[in-house]
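Here's the structure, in structure tokens; my notes come after.
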Amino acid sequence: MNEEKDQIVQYILLRSDLKWNYGSLIAQACHASTAAIVENINDDVVANYTEDIDNMRKVVLSCPDEAVLKSVSLELNSNNIPHKFWIEKPEGIPTCIATMVSY
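If you count the sequence shown from 1, position 25 lands on 352 in my numbering, and the numbers rise without skipping.
See the structure below:
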């Protein structure tokens with residue numbers, strides 16, 4: 328299929344200061360991504376995103392520390408951008424943010 332269309336993207340911001348193994352860090356991103364999608368499951372954009380499951384796009388970015396992660400979450404909130412601020416439990420450690428999928 329060579330058809331031009333708007334790409335739906337989900338952004339994930341993962342802390343780079345955590346000295347965890349790769350599997351644990353990837354799990355944090357997966358948790359936040361899934362939660363952001365499930366919390367918005369009835370949104371038409373989510374339906375479009377999951378309808379084309381073989382072409383889902385995510386952009387994973389690095390965040391230097393917890394303070395910046397919290398600051399980004401506050402900025403997203405102030406701009407009414409839905410996202411999941413993931414906190415690893417039971418430790419209570421903020422690890423990443425995943426936005427709701429969007430065009």
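Think of the CB as a built atom: it goes at the ideal place given N, C-alpha and C, for glycine as much as any other residue.
Starting from residue i, trace the beta strand (DSSP E) in both directions and tell me its first and last residue.
| i | result |
| --- | --- |
| K411 | H410 to E415 |
| Q337 | V336 to R342 |
Is the distance from the Cβ of residue i to the Cβ of residue j below 7 Å?
| i | j | result |
| --- | --- | --- |
| Y338 | V399 | no |
| P391 | S429 | no |
With 16 as the cutoff for other CB atoms within 10 Å, does residue i come out buried or exposed?
| i | result |
| --- | --- |
| T422 | buried |
Grab me the residues of residue i's own chain with a C-beta within less than 6 Å of its C-beta, minus the 5 sequence neighbours each way, in chain order.
| i | result |
| --- | --- |
| E393 | P421 |
| I414 | P421 |
| A362 | K411 |
Using a Cβ-Cβ distance cut-off of 7 Å, determine whether residue i contacts chain D.
| i | result |
| --- | --- |
| K416 | In the structure shown, chain D cannot be found, because there is only a single protein chain. |
For residue i, which residues of its own chain have a beta-carbon under 8 Å away from its beta-carbon, when the five flanking residues on both sides are left out?
| i | result |
| --- | --- |
| R384 | Q334, I335, V336 and Q337 |
| Y376 | I335, Q337, I364, M383 and V428 |
Between residue i and the rest of its own chain, which residues show a CB-CB distance below 7 Å, the 5 nearest in sequence each way excluded?
| i | result |
| --- | --- |
| N329 | Bear in mind that the predicted position of N329 carries a pLDDT of just 42, short of 50, making it too unreliable to give a figure here. |
| I364 | V373 and V428 |
Starting from the N-terminal side, write out each stretch of the alpha helix (DSSP H) that is 4 residues or longer and does not extend beyond the region 364-397.
371-378
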